[in-house]
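A short write-up of the structure that comes next.
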Amino acid sequence: MSETLSKLSTAVIEGDLEVMEDLTSQALDEGKEAQEVLNEGLMPGMDHVGVEFKAGNMFVPEVLRSARAMQASMSILRPLLTESGVELAGKVLLGTVKGDLHDIGKNLVAMMCEGAGFEVKDLGKDVEPDVFVEGVRDFGPDVLGMSALLTTTMRAMEHTIKSIEEAGLRDQVKILIGGAPVTQSFADQIGADGYASNAASAADLAKKLISA
Amino acid sequence: MRANYQVNSGVRFQMLSDDQLEELFESVLHVLEYTGLEVHHEESLQILKDAGAWVDGKRVRLPSYMVRRALELAPRSFTIYARDGNPEHDIHIGPGRSHFGPGPTCPNFIDVETMERRPYVKSDVPLVAKVVDALPNIDFCESLGTVDDVHHDLGATYEFAGMFPNTSKPIVAWSYDKYDSEEIHKIAVAEAGGQEAFERRPNYIHYCEPLSPLVSTEDALDKLIFAANHRVPLIFTPCPIAGGTAPVTAAGIIIQAAAESWMGLTIAQTLQPGLPFFMGGVLSVMDMSNMILAYGAPELSLFMAGITELAHYVGLPLWQTGGCTDSKALDEQAAIEGSLSAYFSALTGGDLCHDVGYTESAMTGSVFQLAMMDEAIGYARRITRGIEVNEDTLAVDVIHNVGPNGHYLREQHTRNHYKTEFFYPNLCDRRNYEEWEMMGKQTMSDRVVSRVQDILATHEPSPVKPETEKVIEEVLASAEKRVK
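Structural data, given as C-alpha cells:
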C-alpha cells in the first residue's frame, strides 16, 4: 500500500484534522483514484476506530475526532466520487422532532454516521413535520433519523411520518427513530423502518437499511 | 462544669474550602451576568426585564444584584406537611437534615409479579406509593415512571391521582405543562382544605426541569410560574451531562447547573418572594464508551456533594441524587452503586435526595432497588447521626461498677440505650449459618422481594378525605375531556 494512504489511515485513527486535506491532495496528485483513497486510506482507519471503540479501547471524543478528520478528506473526495459515478455510503437526514429541544443524542448519531462515511444533514431540534418533508425532498436522503426524549413529543414522529406519506415521499427514504422513551414496538406501531437504542447502533442500522 | 466544649452532633464532611466556594459562587454570577441564558417564555422575559434583567431577544443576562436579592429572599428552612397530619411524615427542611425518595419518569418498570422489565403502566403508581409509605427511611414520593397506558398528555395527572391517596408522605409532583400542574394542584388543595390552608401547610412540591446547556424552556417556566403564583414549593433542577451538555470538569458542571437553577430562582422570587425553592439537579458524567448518563458513577456523588455545598453556602436547600444504579438487575452492582451514593448523599446533608430506586441509568424504575436502598439509607443515617459524648454516654461510672470480668447485659445503662444506639437491620442477615440454612439460604435479593411482597399484601396507607376522592374523580374526568 502507498505510504500516503497509510499515512491517511493513521491520521484518521489519530484524528489529526490538520493534515487531512494535504494528505488527500497528495494522494490524488500521486495519481490515486478518489475511490482508492476512500477505500484504502480512510476506511481502514475508520474500521480500526470502530473495532477499538467496541473493544472499549477508544472513547466517544476520539471517535468523533476521527469522524471529523474523515469528513475533512471527504469534502475533497465527494465531488470526485460523484463525478465518477461511485456509490457512496449514502445520505442521512437528522432532526429532533417538533416540541423537543433535547439534542445531545441526535448530535451523537450525526457524528457516528459521519464516521461511518455517510453524508449527514442535521435539521437541528424542534423540527416541524413540514421541515422534515422539505428536507427529504431537497436533500434526498437514503435514511431519515428522528429523535425525541419525551413521551409527549414522541408522537410528533408519527405525525412526521404521516406528512412524509402525504407528500408522496415515503418510498424514497428509510425512517429510523430513537430516544429514551422510544422502543421497537413503537417504531413498528408508527410505521418506521427501524429503531436504534444508541448512537453507534443507529449508524450500523442505517448501513443495514440501505443495503437491504 | 465544662467550658468552651465543641460538640459535633453528626457526621458530615466538607469537601470544598470557603475560598473555593466563594470562587464557584462568583463564577455562577459571572455566567448569569456575562453569558446569560436563553429563556423560551414571553411572560418570563417580561418579568425579568421589568425586574432589571438585560434582555436581547431570548437571551437574558442577570446583573448580579438581582441574583443576590433572589437568594436573599428564598428560605433555607421550611416544612412540607403530611396530607393526613401525621407529624412523622412531615419533612422539615433545614441544615443537617437529609431526606430520601424515588425519582420520576422512567419509561420502564420491573413488574412486581414477574420481575421482568416492561413499560410503566397506570396500575404501577399506587403500588409504588404504598411501598414508599411503608418504608421507614423513604420520606417523600415520586412515581418511578411515566405512565404509558393513558393518553400521553395525561400521564402526570394520573400519576399524582394514583400516588396521593396511597401515601401520606409528601409528593414531589412532576408534570408536562401548566394544565396538568393545575389538575394536580386541585387535588392537593382539596385535601388541604382550600388554597389558603394549602399555603400554610403545603403538602406537595412541584418539580420543573430546565434544559442544559443554559436554556429555560417554555414548559418548565409555565410550570414554574404556576407554582409560584399558587405558592407551591418548587424544585428547579437541570440534568447536565459532563462532557456532553456541560463542561467535563466538576467545578464547571457545578457552576453551569447552578446558573440554570438560579435563572428559575430569580423568576420565582420576583413573582412570589419567599417561595420555598430547591436548586437541583442530577449532575453526572457521560459514559464515553456507552454514551449514557451514568447514575452509578462516583463522579455523580462528587458533583452532587459540590453543588450541595454551594447551595448551602448561599442558603438554599438542594435536590440531591443517590440510591440509583446503572445495573439492570437487583444485584451486587446495584447494591454497591446505590448504597455508596445514598451514603455519600447523607454525608452532604443534601436536603431531598431523589432517584432512589432508579436502575439501568434511569431507564427502569424498581421498587426492589428502592426497598434495598431503604436499608442502605437506614445504615447511612445511623452513621451520620454520629457519636454523642456526654456524662451519660461516656459511661465512666458504668465501667467502674461492672469492673473487670463483669458484663453489661443487665445494666440499666444498657437497657436505656440499646434500642437507640444500635441500628437494627430489616434486610441484612445476621443469623448463624444453621439458622440461615434452615430459613432456606435466602440471599439479599430474596429478602428484598419478600419484603416488597409483604408490604403490598399488608400495608394500608391512611386514606384521603372522601371529598378529595370525589375531586380526584372529577379532575380525571375533566382531564380526559381536555385531550379529546
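From first to last, the protein sequence lines are chains V and D.
In this text, residue positions in the first sequence follow numbering that gives the first Met the number 0: the first is 0, and each later residue adds one.
In this text, residue positions in the second sequence follow numbering that gives the first Met the number 0: the first is 0, and each later residue adds one.
Where is the CB? At the ideal position from N, CA and C, for every residue including glycine.
Which one of the options has the shortest CA to CA distance from residue i?
i: D:Asp350; options: D:Ala310, D:Lys327, D:Gly322; result: D:Ala310
i: D:Phe99; options: D:Ala249, D:Gly321, D:Tyr175; result: D:Gly321
i: D:Gly280; options: D:Ile204, D:Thr236, D:Ala52, D:Phe24; result: D:Thr236
i: V:Gly114; options: V:Leu4, V:Gly14, V:Ser1; result: V:Gly14
i: D:Ala296; options: D:Asp325, D:Arg68, D:Trp318; result: D:Asp325
i: D:Ile253; options: D:Leu282, D:Tyr4, D:Trp261; result: D:Leu282
i: D:Leu455; options: D:Asp49, D:Val111, D:Phe77, D:Gly95; result: D:Val111
i: V:Val108; options: V:Asp121, V:Glu35, V:Asp99, V:Met19; result: V:Asp121
i: V:Leu16; options: V:Ser1, V:Arg67, V:Val36, V:Leu41; result: V:Arg67
i: D:Leu210; options: D:Ala196, D:Phe197, D:Gly243; result: D:Gly243
i: D:Ala345; options: D:Ser449, D:Ala227, D:Gly385, D:Arg230; result: D:Gly385
i: V:Phe185; options: V:Lys53, V:Ala147, V:Ala198; result: V:Ala147
i: V:His101; options: D:Asn289, D:Pro460, D:Val214; result: D:Val214
i: D:Gly35; options: D:Asp18, D:Pro403, D:Asp83, D:Val54; result: D:Val54
i: D:Asp218; options: D:Ala256, D:Gly95, D:Trp173, D:Pro232; result: D:Trp173
i: D:Tyr357; options: D:Phe302, D:Cys105, D:Asp18; result: D:Cys105
i: D:Asp83; options: D:Arg481, D:Val463, D:Ser8; result: D:Val463
i: D:Lys418; options: D:Arg381, D:Val448, D:Thr467, D:Ser444; result: D:Arg381
i: D:Gln411; options: D:Pro403, D:Ile398, D:Phe422, D:Glu433; result: D:Ile398
i: D:Gln271; options: D:Gly251, D:Tyr312, D:Ile224, D:Leu317; result: D:Ile224
i: D:Ala370; options: D:Met362, D:Glu390, D:Asp391, D:Gly337; result: D:Gly337
i: V:Lys224; options: V:Met156, V:Phe117, V:Gly116, V:Arg136; result: Residue 224 of chain V lies beyond the residue range present for chain V, which begins at 0 and ends at 211; the question has no answer from this structure.
i: D:Pro257; options: D:Thr113, D:Lys177, D:Glu308; result: Correcting the residue identity first, residue 257 of chain D is Ala in this sequence and not Pro. Comparing Cα-Cα distances from D:Ala257 to each of D:Thr113, D:Lys177, D:Glu308, the minimum goes to D:Glu308.
i: D:Asp488; options: D:Met362, D:Cys352, D:Pro212, D:Leu408; result: For chain D, the structure presents residues 0 to 483; residue 488 of chain D sits outside this window and is missing.
Can you list, in chain order, the residues of its chain with a C-beta nearer than 8 Å to that of residue i? Leave out the 5 residues immediately preceding and following it.
i: D:Leu315; result: Leu70, Ala73, Arg75, Leu264, Phe276, Phe277, Met278
i: D:Cys140; result: Gly100, Pro101, Val127, Ala128, Val131, Asp132, Met162, Thr166, Lys168, Pro169, Ile170, Val171
i: V:Gln34; result: Leu80, Ser83, Val85
i: D:Val388; result: Val6
i: D:Ala50; result: Met65, Thr265, Thr269
i: V:Ala201; result: Val108, Met111, Cys112, Gly144, Leu175, Gly177, Ala195
i: D:Tyr33; result: Arg60
i: D:Val482; result: His150, Asp152, Leu153
Below 8 Å between beta carbons: does that hold for residue i and residue j?
i: V:Thr95; j: V:Val130; result: no
i: V:Val119; j: V:Leu168; result: no
i: D:Leu44; j: D:Val59; result: yes
i: D:Trp261; j: D:Val66; result: yes
i: V:Gly178; j: V:Gly104; result: yes
i: D:Ala155; j: D:Asp123; result: no
i: D:Phe422; j: D:Ile109; result: no
i: D:Val284; j: D:Cys323; result: no
i: D:Ala189; j: D:Val470; result: yes
i: D:Leu317; j: D:Ser444; result: no
i: V:Phe58; j: D:Met287; result: yes
i: V:Ala26; j: V:Val18; result: no
Can you pull the chain D neighbours of residue i, defined as C-beta to C-beta under 8 Å?
i: V:Thr150; result: Pro106, Thr145, Asp147, His151, Gly154
Could you check how far apart the C-beta atoms of residue i and residue j are, in whole angstroms? I think they sit under 8 Å.
i: V:Leu7; j: V:Ser72; result: 7 Å
i: D:Val474; j: D:Lys185; result: 5 Å
i: D:Asn136; j: D:Tyr119; result: Not quite, the Cβ-Cβ distance comes to about 24 Å (not below 8 Å), so this is no contact.
i: D:His151; j: V:Thr150; result: 5 Å
i: V:Val181; j: V:Met153; result: 6 Å
i: D:Gly144; j: D:Gly364; result: 5 Å
i: D:Ala379; j: D:Ala341; result: 6 Å
Whose C-beta lies closer than 6 Å to the C-beta of residue i among residues of the same chain, with five residues either side of it excluded?
i: V:Ile75; result: Thr23
i: D:Phe343; result: Ser300
i: V:Leu92; result: Lys120, Gly134, Phe138, Pro140, Leu143
i: D:Ala187; result: Asn202, Tyr203
i: V:Ala191; result: Ile174, Ile176
i: D:Asp89; result: Thr78, Tyr80, Ala81
Taking residue i as the query, report the chain V residues whose CB atoms sit under 8 Å from its CB, ordered along the chain.
i: D:Ser288; result: Phe52, Gly55, Phe58, Val59
i: D:Met362; result: Ala179
i: D:Thr216; result: Leu100
Closer than 7 Å by C-beta to residue i: which residues in its own chain qualify, once you throw out the five before and the five after it? Chain order, please.
i: D:Ser360; result: Ile291, Leu292, Ala293, Tyr294, Asp325
i: V:Leu204; result: Leu175, Gly193, Ala195
i: D:Val448; result: Phe367
Residues of chain V with a CB under 7 Å from the CB of residue i: which are they?
i: D:Gly243; result: Ile103
i: D:Tyr175; result: Thr151
i: D:Ile240; result: Ile103
For chain B, check one thing: does any of its Cβ atoms lie closer than 8 Å to the Cβ of residue i?
i: D:Leu210; result: Of the protein chains in this structure, namely V and D, none is chain B.
Return yes when the C-beta of residue i is under 7 Å from any heavy atom of the ligand FMN, and no when it is not.
i: D:Pro297; result: Only the bare structure without any ligand can be found here, which leaves the ligand FMN out of the picture.
What in chain D is Cβ-close to residue i, meaning under 7 Å?
i: V:Leu107; result: Met290
i: V:Ala198; result: Met290
Run through chain D and tell me which residues come within less than 9 Å of residue i, C-beta to C-beta.
i: V:Arg154; result: His151
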